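Visitor: Shown below is the structure under consideration.
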Amino acid sequence: MTRRSRLLTGASFATLSLFVASAADAQQALPTINVGGARGPVHRGPAGQSAGGPGRVTTAEPGPSEPGTDRYSEPKPAPFSRTLPANIPAVVESRTRKEIQKTTNIMTSEDAFRYMPSILIRERFIGDRNAIVSTRTTGTIQSALVLVYADNVLLSNLLGNSFNFAPRWGMVSPAEISRIDVMYGPFSALYPGNSIGGVLTMTTRMPDEFEVHAMGTAAVQPYSLYGTKELNLGGVANVLIGDRINDFRYWVGYEHLDNQGQAQTFPGNFLTPGTGSAFFGGYQDFDQQGRSRIITNSAGADYLQTDLAKVKVSYDIAPLVRAKYQVGFWTLNDTTSVESYIRDRNGMPIYNTQTGRVQLGPFSVTPGGVNPGHGAANHLMQALELRRDTGGVFDFDFSATSFNFLRDFTNNAQSYGPRVNAAGTAYNIDPRGLNTNNGGTFWRTGDARFIWRLPQDLLGKHEVSFGAHGDLYSLATKQTSTVSYPNNYYMGIQALNFGKTETKGVYVQEVWRPLPDWKFTAGARGEWWRAFGGMNATGGFGSVSNPVGRAFVGIPLAAANITYFQNSDKGAFSPKAALEHYFTPELSVRGSIARAYRFPTVNELFQSLSSPSSLVINNPNLQPEICTCYDVTTEYRKVDAFGGAIGLFNPRISFFLDDRWNAIASQTALSAFGIQVSQNANLDKVRFRGIETAAHMKDIFIPGLDFEGGFTLTDAKIQTNLSSRNLDSILFAGNQFPRVPKYRFRGVASYSPNPDMSFALGARYSSPAFVTFANTDFNHNNYGNVDSEILVFDMKARYRLEPNWWLSVGVNNIGRWKAYVNPNPYPQRTFFIALNYDIGGPDGAGITIDRGGSTSTYR
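Counting from 277, one number per residue, gives the positions in the sequence shown under the working numbering.
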């Protein structure tokens, strides 16, 4: 990160602080303003006139709890306040906005899920656009097996199933999140087979009164690994404004994120005895298979800037019937830098060579060939929804969404820096670049959902849900060779990838309560999927040679090779069922079973790309994954447990089993030259079985001391792979399935001595996991093709400085644990400081403005 960039990062945080401070000073000049923590009624127009209109819902303040009542239970949800439907026949874990703010150092929306049981977000640095979700039965690059929604808008990028198809987290600002929910497994017919790993939902707020929120957070990460030692800075600032005017609501937000990430790749070289001109430097250690190597470079240190502008508007067209439209525009500019650890005899840093090999001591090695990159993106998200949410006999929800890659490209140098010859006596320059452009890629979704709650008692109460779904995913990737990096002008087309997939589905699900303490859920989902328009082209259409001089490398002509793939279509029927019984008001047991189909993505079928650092090979013959999933959960909820020592004691234990046929797995290997090579294939059968425990405890011995956490044990094994034509692949049977750790723990304890102060201490642990199907990568806790052990402790403190001001400080990874994820390093110790200013809403105090006979009160 340059000195100018770091100064800008600090300046942006300071500017926000001055902005909100100026806003506070300006308020003092307004006539008759009272600022305080009291939360009185909202008035508009003449004093005393209520702003309530059709569809407005009011709730009474809670009174003292009656003996034996659950004072910790959530109140009945207000209309339109939940994304995840009720009556889900599966494990559901939830967190409120207040709980997240109290426990989590949060700069991006994915941070909100940090302490959810069994959940790991592969966020390698702040703002990482490749932050994949891993659950109790999915690994760290199986992005298409988990669904992420925000207000019924699908954020999951189901164009592919790999590390670079993460959910579009950047479309949600953490400041607008009201609550999060996680459903574990595909046990609800309302969701497609991509929910095998689970469903994550974020519900964002719409205002009931005038609100203004401003927040600035700064982060500092001292980082060192091999020869890289740096101080990485980051910051995020956002402003949100919303209001309700009779039946109309609006919410406008802007967020800017600026962060310098740590280096992500450190190419290693196997040691081969040799002789030649001496070069100097490098770091010797052992790779994931215990082989000696020399680390020669670092690459992928990502300096990024993102901006999100978002508008949400809604109108209550009838009591408890709301039309809502939202649009988000997200931009990205990022630059990845490189660093060399080796020098020639003239002191010149070596990034690439003419011959590929250099002499380090007694060994001949190939430097990793690291190359810088630059990228930019403009993404547009839109969603339209019409919803009726009465909780009565009949409700509905119609929604349509679109996500467009208006611009999305990445430039990489092909062979960066002065390239020395083997003798170390002469250099040349290869100015060429490689541009990968995803502009024109898009997806569309549409859903119609209905709920019918029968008013009659027909052998018990009945609730019937039914609906339909449709989606279309379109891939358009162009890879071109450019005359010089980072210029976008291209001299030839290296690869073209096009293709589409679409899915149409219908579902029905009934919840039947034959007795007050029994609940039976049965449902099914039918889906029709097809892939079409698949095409790959490689080779240089109209390639030309650039001028060749003494110091430049000529560009050879290349022939085109075009492949058109056959269309494919599949159908699936997925039944679901669950039975739940309350033995006592505190103790319940539920058993769930489900069949789910996960269809291949357009990327897995049709996209084949290469770059200086990676190679992705497509497979048009992939078959759908088929999963039969089981879950048996026991939950106990006791108020004033252990003689009143614990205000709320709410443990859960779940036994789960997933049998997965035709499991689509991506095998990524790190070549001897530091290139990541990935290819997808079907495995005959994989089994995931385990135990997941979780606990929620409130007021532990003293008021305000809470704990939330969970421990997960998973045994993920390859059962059979006899359909493989490769003997080594057949012998994978009995091995651990890659990237699913055996043990996981997530937990956070918090203490709030009063409403204006809180302290939290969190812990996260994951055992190491194999990355290769052969399970030969035993050296887990080192850089390489590994999912390493993780043991991280975090802390946060939050304090209300003034009625409208909150200050937070925190640290993630207090012990500076060095952890890696296939093969990139996670952040080391990171410090946070945040300042919030709030008018109205759940966090702000109110202000009252007297305008000479009329008053406005904002809470």
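Glycine residues also receive a C-beta, built at the ideal position from the N, C-alpha and C atoms. Just so you know, these numbers come straight off a predicted model, no measurement behind them.
Helix or strand or just coil, what does DSSP make of Gln538?
Guide: Gln538: coil per DSSP, three-state reduction.
Visitor: Which of the three DSSP states is assigned to Gly1199 in this structure?
Guide: A query on residue 1199 cannot be resolved here, the shown segment of the chain reaching from 277 to 1135 and no further.
Visitor: Among Val475, Gln560, Thr612, which one has its Cα closest to the Cα of Ile571?
Guide: With distances taken between Cα atoms, Ile571 lies closest to Gln560.
Visitor: Can you check which of these residues, Gly461, Arg455, Ile417, Val422, is closest to Ala854 by C-alpha distance?
Guide: Nearest of Gly461, Arg455, Ile417, Val422 to Ala854, Cα basis: Gly461.
Visitor: From the DSSP output, in three-state form, read off Met657 for me.
Guide: Correct three-state label for Met657: strand.
Visitor: In whole angstroms, what separates the C-alpha of Trp805 from that of Ala699?
Guide: Whole-angstrom Cα-Cα distance: 58 Å.
Visitor: Can you name the start and end residues of the beta strand (DSSP E) that Arg607 belongs to?
Guide: One detail in the question is off: residue 607 reads as Thr in this sequence, not Arg. That run of the beta strand (DSSP E) goes 597–616.
Visitor: According to DSSP, is Arg619 helix, strand or coil?
Guide: Residue state, collapsed to three classes: strand.
Visitor: Take Glu1078 as the anchor and find which of Ser999, Gly1060, Tyr1113, Asn1058 has the nearest alpha-carbon.
Guide: With distances taken between Cα atoms, Glu1078 lies closest to Tyr1113.
Visitor: Round the Cβ separation of Gly649 and Thr612 to the nearest angstrom and send it over; I've been treating them as touching at under 8 Å.
Guide: The Cβ separation is near 4 Å, so the contact holds.
Visitor: Mark Phe670 as exposed unless 16 or more other C-beta atoms lie within 10 angstroms of its C-beta, in which case mark it buried.
Guide: So Phe670 ends up on the exposed side.
Visitor: Does the contact criterion of 3 or more C-beta pairs under 8 Å hold for the stretch 1011–1019 versus the stretch 1040–1053?
Guide: Yes, they touch.
Visitor: If contact is defined by three or more beta carbon pairs under 8 Å, each pair taking one atom from either stretch, is the stretch 523–542 in contact with the stretch 459–473?
Guide: Too few Cβ pairs lie closer than 8 Å, so no.
Visitor: Which residue marks the beginning of the alpha helix (DSSP H) containing Arg373, and which one marks its end?
Guide: Start and end: 373–379.
Visitor: Are at least three pairs of beta-carbons, each pair with one atom in the stretch 626–633 and one in the stretch 673–680, less than 8 Å apart?
Guide: Counting Cβ pairs under 8 Å, fewer than three are found: no touch.
Visitor: For the stretch 379–397 against the stretch 972–981, do three or more pairs of beta-carbon atoms, one drawn from each stretch, fall closer than 8 Å, so that the two count as touching?
Guide: No: the two stretches stay apart, fewer than three of their Cβ pairs being nearer than 8 Å.
Visitor: Name, in chain order, the residues that DSSP records as bridge partners for Leu507.
Guide: In the DSSP output, where bridge partners are listed per residue, Leu507 has Pro498.
Visitor: Measure the C-alpha to C-alpha separation of Ile869 and Glu901 and round it to an integer number of angstroms.
Guide: About 17 Å.
Visitor: Please give the ranges of any beta strand (DSSP E) in the stretch 1081–1117, keeping only runs that are unbroken, at least 3 residues long and fully inside the region.
Guide: Counting whole runs of 3 or more residues, the stretch 1081–1117 contains the beta strand (DSSP E) stretches 1081–1088, 1106–1115.
Visitor: Any C-beta of chain B sitting closer than 9 Å to the C-beta of Phe932?
Guide: Checking the listed chains, one finds no chain B in this structure; it contains a single protein chain.
Visitor: Just grab the DSSP bridge partners of Asp673 for me.
Guide: DSSP, once it has assigned bridges, lists Arg663, Arg725 as partnering Asp673.
Visitor: What residue range is occupied by the uninterrupted alpha helix (DSSP H) comprising Gly919?
Guide: Start and end: 917–920.
Visitor: Bridge partners of Gln690, per DSSP?
Guide: Note: Gln690 sits in no beta bridge, so no partner.
Visitor: Assuming Glu911 is part of the alpha helix (DSSP H), what are its boundary residues?
Guide: That residue, Glu911, is in no alpha helix (DSSP H); its beta strand (DSSP E) goes 901–912.
Visitor: Put Asp583 into one of helix, strand or coil per three-state DSSP.
Guide: Of the three classes helix, strand and coil, the one that applies to Asp583 here is strand, per DSSP.
Visitor: Can you list, in chain order, the residues of its chain whose CB lies under 7 Å from that of Gln899, leaving out five sequence neighbours each side?
Guide: Result list for Gln899: Asn938, Asn958, in chain order.
Visitor: Go ahead and label Met478 buried or exposed: buried means 16 or more other beta carbons lie within 10 angstroms of its beta carbon, across all protein chains shown.
Guide: It is buried - the Cβ of Met478 has at least 16 other Cβ atoms within 10 Å.
Visitor: Measure from the alpha carbon of Lys374 to the alpha carbon of each residue in Gly415, Pro450, Lys352, Gln635, then state which is nearest.
Guide: The residue with the shortest Cα to Cα distance from Lys374 is Pro450.
Visitor: For Gln325, which residues from the same chain have a beta carbon less than 6 Å from its beta carbon, with the 5 sequence-adjacent residues on both sides left out?
Guide: Bear in mind that the predicted position of Gln325 carries a pLDDT of just 35, short of 50, making it too unreliable to give a figure here.
Visitor: Helix, strand or coil for Met478? Go by DSSP, reduced to three states.
Guide: Note: Met478 maps to strand in three-state DSSP.
Visitor: Over the uninterrupted alpha helix (DSSP H) stretch that includes Leu423, give me the two end residues.
Guide: No alpha helix (DSSP H) contains Leu423, which is instead part of the beta strand (DSSP E) from 422–426.
Visitor: Residue range of the alpha helix (DSSP H) that Leu881 falls in?
Guide: Looking at the DSSP string, the run of the alpha helix (DSSP H) that includes Leu881 is 878–882.
Visitor: Below 8 Å CB to CB, which residues in the same chain sit around Asp1032 once its five sequence neighbours on both sides are set aside?
Guide: Cβ within range, chain order: Tyr1075, Arg1076.
Visitor: Can you check which of these residues, Arg569, Met811, Lys1072, Val496, is closest to Gly510 by C-alpha distance?
Guide: Gly510 has its Cα closest to that of Val496, out of Arg569, Met811, Lys1072, Val496.
Visitor: Is the beta carbon of Glu531 sitting closer than 9 Å to the one on Asn545?
Guide: It is not a contact, given that the beta carbons lie outside the stated cut-off.
Visitor: Below 8 Å, can you find three or more Cβ-Cβ pairs linking the stretch 488–506 to the stretch 520–528?
Guide: No, they do not touch.
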